[in-house]
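To start, the structure itself, in structure tokens.
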Ligand SMILES: Cc1cc2nc3c(=O)[nH]c(=O)nc-3n(C[C@H](O)[C@H](O)[C@H](O)COP(=O)(O)OP(=O)(O)OC[C@H]3O[C@@H](n4cnc5c(N)ncnc54)[C@H](O)[C@@H]3O)c2cc1C
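Numbering (the numbering used here), first residue to last: 1 to 467.
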């Protein structure tokens, strides 16, 4: 167990010398926004926050932290769902929020170079204005940062067809815990020069290096997009339809699953009707392409498959306002569930796509047997389901025992179906005690050695990922 030292006035003064007076925050009120991310029930106080504006500043902060044996927690927008940006050992929170520029949109190479603090939705809008497309679309895209997406290996609804953040990063500049600045890759579609350190950093949750510049591959923006909202009276039929569509060799851009409880919660939050909220489950399916006829033909097939599998109706949105209305409910689910049961636990299990019906039915069985409300929704098209275990009015002492037991059962179910315990939200602080369920000791040991090679003094984001 590493012993860390406290942040002294001298350290605060040194940070001010590095980043400027206004970019160093101390005191309870100023630090409060940095005590948590979006993980329900997790808080920890940093001793100081430093808002960096360059790789050189990051390097100097890390060298200072090494010298003083102070932990450093990198932070993007603080929208994580596994506590990665929460300073569980205190020390310095290193915020990239001011490193938020788009440095270049390279139309010839179809690449964009950005700083890590850029909000992902701003990146989307900027490249789309040029007829280009950055597909990864976490539902939090208007709040989270691209650096946070890289560090978490973030996904999103479009992963079904387009993959996740890891499929788009071709170059990184990063600062190692020693303070050394390294550049990896570039505007390269192909690159097999040595081990892929880029892929190692993606999803490393700020435990190996601080990312300070990112090069991302872009695609041409698809010209045609259509969204289908499909209500089902039978929960199982909706789950089976996901498999039926994939088995038909059609790859929609997205295939989101929402069970009735999630729609009713949104209806209560918005205080307005959500279409077909009396249905047992909904699928939200998006198709895209460049030719209207081709997209229309796929839409016909998907619509027919849904109806054959028992859909009550198929609502089509070809224009932006209708599409936004269909997606509004999906995007509000987390807020709605948080409002209904402020204490809850969101799981992020992922299974092979064909196992989605078994996963969803298994979760229903756990909920019934354990007497707890569990609401599932998420990216069914890529096998990644968000499973919300709600405390509701369960007594605190009962919840303290029930929640970890239910979580473990959900993980074991996912693993038994060939899945794993997190698809996109990461291990962070909240899942590290379950890591051994998913990985054997040999793999965990390798990860420990990798971490020690980057950071022998465990300065960077301690208390995350590894048990
Ligand atoms: C309503 C809601 C919906 C969401 N939907 C999705 C979704 O669809 N898909 C999905 O994948 N996630 C989703 N998330 C989770 C979250 O938004 C993502 O994990 C996102 O990538 C976090 O980005 P951030 O900037 O907020 O990172 P933070 O929370 O600030 O940090 C996350 C992790 O990244 C590290 N980090 C941040 N910046 C850097 C850097 N520059 N260098 C090194 N490490 C760094 C931190 O130390 C931490 O471990 C959702 C969250 C919410 C609240």
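Backbone N, C-alpha and C define an ideal beta-carbon position, used for all residues, glycine too.
Distance, residue j Cα to residue i Cα
i	j	result
residue 85	residue 94	9 Å
residue 352	residue 21	51 Å
residue 161	residue 222	12 Å
residue 238	residue 255	11 Å
residue 381	residue 455	37 Å
residue 65	residue 23	17 Å
residue 108	residue 181	28 Å
residue 204	residue 212	14 Å
residue 342	residue 40	8 Å
residue 259	residue 225	24 Å
residue 105	residue 136	17 Å
residue 111	residue 217	5 Å
residue 252	residue 313	18 Å
residue 184	residue 266	43 Å
residue 178	residue 63	6 Å
residue 273	residue 299	26 Å
residue 132	residue 156	18 Å
residue 363	residue 402	15 Å
residue 468	residue 75	This structure does not reach residue 468, given that the chain is present from 1 up to 467, and the question cannot be answered.
residue 219	residue 126	13 Å
residue 344	residue 193	45 Å
Helix, strand or coil at residue i [DSSP, three-state]
i	result
residue 124	helix
residue 357	helix
residue 129	coil
residue 273	coil
residue 289	strand
residue 225	strand
residue 441	helix
residue 174	strand
residue 549	The structure shown does not extend to residue 549, since the chain spans only 1 to 467, so no value can be given for it.
residue 41	coil
residue 105	strand
residue 308	helix
residue 220	strand
residue 351	coil
residue 63	helix
residue 114	strand
residue 185	strand
residue 300	helix
Beta-carbon separation (whole angstroms), residue i vs residue j, contact threshold 8 Å
i	j	result
residue 358	residue 283	Residue 358 to residue 283, Cβ: 17 Å. No contact.
residue 153	residue 202	5 Å
residue 411	residue 349	7 Å
residue 80	residue 96	At roughly 13 Å, the Cβ-Cβ gap does not stay under 8 Å, so residue 80 and residue 96 are not in contact.
residue 141	residue 120	4 Å
residue 431	residue 82	6 Å
residue 7	residue 91	6 Å
Identity of the residues DSSP links to residue i by a beta bridge
i	result
residue 385	378
residue 145	119
residue 344	390
residue 92	48, 72
residue 326	Note: residue 326 sits in no beta bridge, so no partner.
residue 317	227
residue 254	286
residue 25	49
residue 232	281, 311
Residue i Cβ short of 7 Å to ligand 2 heavy atom set
i	result
residue 181	Of the ligands this structure carries, namely ligand 1, none is ligand 2.
| At a cut of 8 Å, does the segment 44-53 reach the segment 434-444 through at least three beta carbon pairs? | no
When you compare the segment 326-335 with the segment 292-299, are there three or more beta-carbon pairs, one atom per stretch, that lie closer than 8 Å?
no
Does the segment 334-341 touch the segment 26-35, meaning 3 or more C-beta pairs lie closer than 8 Å? no
Requested in this report: Could you say if the segment 395-414 and the segment 182-198 meet the contact criterion of at least three C-beta pairs nearer than 8 Å?
Outcome: Note that the segment 395-414 does not touch the segment 182-198; fewer than 3 beta-carbon pairs, one per stretch, sit closer than 8 Å.
Does the structure place the segment 389-409 close enough to the segment 365-372 that three or more beta carbon pairs sit under 8 Å? yes
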